[in-house]
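So for the sequence shown, the numbering used here puts the first residue at 10; every next one is plus one. Every residue, glycine too, gets a C-beta built ideally from N, C-alpha and C. Just below is one structure, and these are the notes that go with it.
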Amino acid sequence: MSATADSIDQLREQANEQYWTSNETVSQLAERLGISRNAMYSSVQPMPAGASCMQCDEPLVFTNRTSRTARTATCPACEAQVSLDAGLATPPAGNDLGPGTAVPVAPANGSQSRWEDWKEDAATVPAERVAMIGGAAALGVAIGAAAVKVIRKRS
């Protein structure tokens, strides 16, 4: 591997680690690391949730910090979403719970605001969906304006 490829891999690892351990926004992290937000998001690897999928027994993961905070894990194999119950930080010592048992993990440290969580989630919305919602909103405004005009004419 070339020196450039090694440095890119190191930067990706650093971005991923800081994403999961920092309370900074993605924008702040990207700026500090000198990369784009898109590069930051593409560097993020799912974090193991410490539990197994009850449907296919694959390890569950948190896909982003918001899902970790909400304790909603995803199965990468069957795409099932599982809400992990609050309670045990780690499985009881010496207790083999068997396959398919969801084991809650420790809650995330930090207090990222709901606004920051919302901004992170909104940044991952596909452009087609944004255009569709924007078009529907514009259509609603136009219909509302036309309705007001008709009502004012009749009055």
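Give the range of the alpha helix (DSSP H) segment to which SER164 is assigned. Run containing SER164: none; DSSP gives neither H nor E here.
Should ASN73 go down as buried or exposed, given a rule of 16 or more other Cβ atoms within 10 Å for buried? buried
Per-residue DSSP class, three states only, for MET63: coil
Boundaries of the alpha helix (DSSP H) in which VAL53 is found, first to last residue: VAL53 -> no alpha helix (DSSP H), and no H or E assigned at all.
If you follow the beta strand (DSSP E) that SER92 is part of, which residue opens it and which one closes it? 90–92
State buried or exposed for ALA86, treating a residue as buried only when at least 16 other CB atoms are found within 10 Å of its CB. exposed
Contact set for SER31: own chain, Cβ-Cβ below 7 Å, skip 5 residues either direction: LEU38
Drop a sphere of 10 angstroms on the beta-carbon of ARG77, count the other beta-carbons inside from all chains shown, and report buried for 16 or more, exposed for fewer. buried
Backbone CA spacing between ALA58 and SER52 [nearest angstrom]: 18 Å
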